[in-house]
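A.B. asks: Pasting a structure below so you can have a look.
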Amino acid sequence: MSENNPFPNENNTGHFWDDTLRELSNDPPGWWTIGLHASWIWCLVYFFLYPSIPSLDLEGYSKGSLGWTAVSEYKADLAAIDEVRQKWEDKINDPKTSAAMILADDDLKNYTVRSAKVLFGDYCAACHGSGGSGNGAMSAAQSGYPVLADDDWLYGGTVEQIETTIYNGRKGIMPNYGARLSETEIADLAKHVVALSEGGEHAVGKELFINPTKGGCFACHGMDAKGMAALGSANLTDAVWRFEVSGGGDHRHASALHTIAHGVNSELIDPASRNAVMPAFGPLGKDLSAGSVKKLAVYVHQLGGGQ
Ligand code: HEC
Ligand code: HEC
4 MSENNPFPNE
14 NNTGHFWDDT
24 LRELSNDPPG
34 WWTIGLHASW
44 IWCLVYFFLY
54 PSIPSLDLEG
64 YSKGSLGWTA
74 VSEYKADLAA
84 IDEVRQKWED
94 KINDPKTSAA
104 MILADDDLKN
114 YTVRSAKVLF
124 GDYCAACHGS
134 GGSGNGAMSA
144 AQSGYPVLAD
154 DDWLYGGTVE
164 QIETTIYNGR
174 KGIMPNYGAR
184 LSETEIADLA
194 KHVVALSEGG
204 EHAVGKELFI
214 NPTKGGCFAC
224 HGMDAKGMAA
234 LGSANLTDAV
244 WRFEVSGGGD
254 HRHASALHTI
264 AHGVNSELID
274 PASRNAVMPA
284 FGPLGKDLSA
294 GSVKKLAVYV
304 HQLGGGQ
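Taken in order, the sequence shown gives residues 4 to 310; the numbers are from my numbering.
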């Protein structure tokens with residue numbers, strides 16, 4: 004630092020380096036001063052309006068004159084969303100609004116499908132898979148859960164039928180023929196069932212199928228073997244196998260053989276019976292609200308197979 008001031012006419016502090024570099028004592032620029040004052044004023048205003056200064060007890064803090072908190076803002080946002088939702092909910096829960104009416108109203112349907120998706124995940128996906136993709140049978144004893152996204156229905160695919168299925172549950176019953184028919188007769192019936200699924204028939208098996216004192220199968224499956232929605236008796240003429248056991252060989256024959264010999268939901272008289280119970284979600288079962296059941300029916304209907 005130099006002893007002599009080489010710039011005697013300047014407003015400097017007398018601090019020099021290398022005789023050229025020196026510290027001046029001019030006022031800071033105007034814009035900078037304004038910024039400085041604006042920021043402490045802003046701080047005071049902020050302290051006054053918003054919660055800010057913690058107190059010594061660590062629990063309390065200055066509350067601010069606006070009464071704002073992050074939690075109250077969150078609650079207000081939530082209330083605003085609820086208000087929008089409530090209009091839809093009221094419409095859906097109104098007993099005068101049928102599931103078919105929801106399907107006919109695009110906006111209401113979109114809302115219903117979105118909110119039912121959560122319900123489906125909570126109550127249905129464990130059995131039917133996410134998106135109603137079904138869960139196949141892992142063994143003859145475990146019957147699996149039907150796909151809800153296709154157009155193959157046991158109990159009918161209109162939105163009203165689906166709603167009834169969910170509300171009351173379903174339990175289709177088929178007797179165990181192992182107790183009253185011979186092994187050969189059951190094998191012939193199974194051959195007939197496999198032939199039906201391929202568009203053909205098996206003469207001896209068909210005879211048994213329509214003979215009321217033998218199979219009497221037509222009573223539930225119909226003369227055309229296409230099944231009846233009211234009974235949930237499967238359509239035997241399509242290629243969809245409710246109880247198919249996956250695996251090589253003639254597994255369709257093996258599957259039909261098992262179903263015919265041991266029946267469906269007849270475990271009281273035959274422990275090897277197929278078990279196929281759709282639980283009730285109305286007041287007789289899980290007691291979901293009528294509105295929730297309606298939402299679920301709409302959701303299932305639009306998965307792909309609704310009629
Ligand atoms: C404990 C397992 C289980 C749960 C949970 C379950 N289901 Fe089912 N569901 C079944 C079974 C098994 C069947 C087939 C019954 C049969 O074969 O007769 C079925 C059948 C159905 C059917 C009839 C399909 C047809 O082809 O007609 C619909 C619709 C259905 N379920 C919807 C639902 C919905 C919606 C939920 C959720 C609210 C649900 N299920 C929850 C087991 C379940
Ligand atoms: C009392 C009514 C009833 C009678 C009688 C009956 N069934 Fe069934 N059948 C059902 C029901 C209900 C189902 C189960 C559908 C379900 O829950 O998935 C079924 C299912 C089946 C299946 C399984 C279909 C599949 O997709 O896996 C076969 C095969 C079958 N029946 C064949 C027969 C034959 C053959 C006879 C006569 C020997 C017969 N049924 C008599 C009601 C009946």
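C-beta atoms are modelled at their ideal positions from N, C-alpha and C, and glycine is treated no differently.
1) Tell me, to the nearest whole angstrom, how far the beta carbon of Gly294 is from that of Asn171; I am working on the premise that it is less than 8 Å.
2) When you compare only the Cα positions, how much space is there between Lys90 and Ile37?
3) In angstroms, rounded to a whole number, what distance separates the CA positions of Asn29 and Glu13?
4) Give the DSSP-derived three-state secondary structure of Gly17 in the structure shown.
5) Taking contact to mean 3 or more Cβ pairs, one atom from each stretch, closer than 8 Å, check whether the stretch 113-131 and the stretch 301-309 are in contact.
6) In this structure, does DSSP put Asn278 in helix, strand or coil?
7) Bridge partners for Pro57 per DSSP, in chain order?
8) Would you report the Cα separation of Leu151 and Gly134, rounded to the nearest angstrom?
9) Mark Met177 as exposed unless 16 or more other C-beta atoms lie within 10 angstroms of its C-beta, in which case mark it buried.
10) Please return the same chain residues whose Cβ sits closer than 6 Å to the Cβ of Val280, not counting the five positions on each side in sequence.
11) Quick one: grab the DSSP three-state call for Val267.
12) How would you label Cys46, buried or exposed, when you count the other beta carbons within 10 angstroms and need 16 or more for buried?
13) By the three-class DSSP mapping on this structure, what secondary structure does Ala143 have?
14) When DSSP builds the beta bridges, which residues end up paired with Tyr148?
15) So what does DSSP say about Met104, is it helix, strand or coil?
16) Using CA atoms only, rank isn't needed, just tell me which of Lys217, Ile213, Ile165 and Gly203 is closest to Glu186.
17) Distance check for Ile44 and Thr72, CA to CA, integer angstroms please.
18) Going by CA-CA distance only, name the one from Phe10, Trp20 and Leu287 that's closest to Thr167.
19) What is the DSSP secondary structure of Ser236, reduced to helix, strand or coil?
20) Excluding the five sequence neighbours on either side, which residues of its own chain have a C-beta within less than 7 Å of the C-beta of Leu211, listed in chain order?
21) Give the single residue among Leu157, Ala103, Arg117 and Gly266 whose Cα lies nearest to the Cα of Ala233.
22) List the DSSP bridge partners of Arg173.
23) Could you compute how far the alpha carbon of Thr246 sits from the alpha carbon of Thr115?
24) I'd like the span of the beta strand (DSSP E) that includes Glu26, first residue to last.
25) Say yes only if the C-beta of Val207 is nearer than 7 Å to one or more non-hydrogen atoms of ligand 2, and no if none qualify.
26) Take Ala242 as the anchor and find which of Leu69, Ser65 and Asp155 has the nearest alpha-carbon.
27) Val116: beta carbon under 7 Å from a heavy atom of ligand 1?
28) Between Trp244 and ligand 2, is there a pair consisting of the residue's CB and a ligand heavy atom that are separated by less than 7 Å?
29) Rounding to the nearest angstrom, what Cα-Cα distance links Ala259 and Val196 in this structure?
30) What number of angstroms, rounded off, separates the C-alpha of Gly208 from the C-alpha of Lys194?
31) Out of Lys99, Leu59 and Gly159, point me to the one whose CA is closest to Ser236's CA.
32) Skipping 5 residues on each side, what residues in its chain have a beta carbon closer than 6 Å to that of Ala102?
C.D. replies: Taking the coordinates as given:
1) Not really, about 16 Å apart at Cβ, beyond 8 Å.
2) 52 Å
3) 10 Å
4) strand
5) yes
6) coil
7) Tyr64
8) 8 Å
9) buried
10) Lys174
11) strand
12) exposed
13) Only weak support exists for where Ala143 lies, its pLDDT of 49 falling under 50; the coordinates are left without a value.
14) Asn138
15) helix
16) Lys217
17) 22 Å
18) Leu287
19) strand
20) Glu188, Asp191, Leu192, Lys217 and Gly218
21) Leu157
22) Met281
23) In the sequence as displayed, the identity of residue 246 is Phe instead of Thr. Using only the alpha carbons, I get a separation of about 32 Å.
24) Leu24 to Leu27
25) no
26) Asp155
27) no
28) yes
29) 7 Å
30) 7 Å
31) Gly159
32) Val162, Glu166, Lys297, Ala300 and Val301
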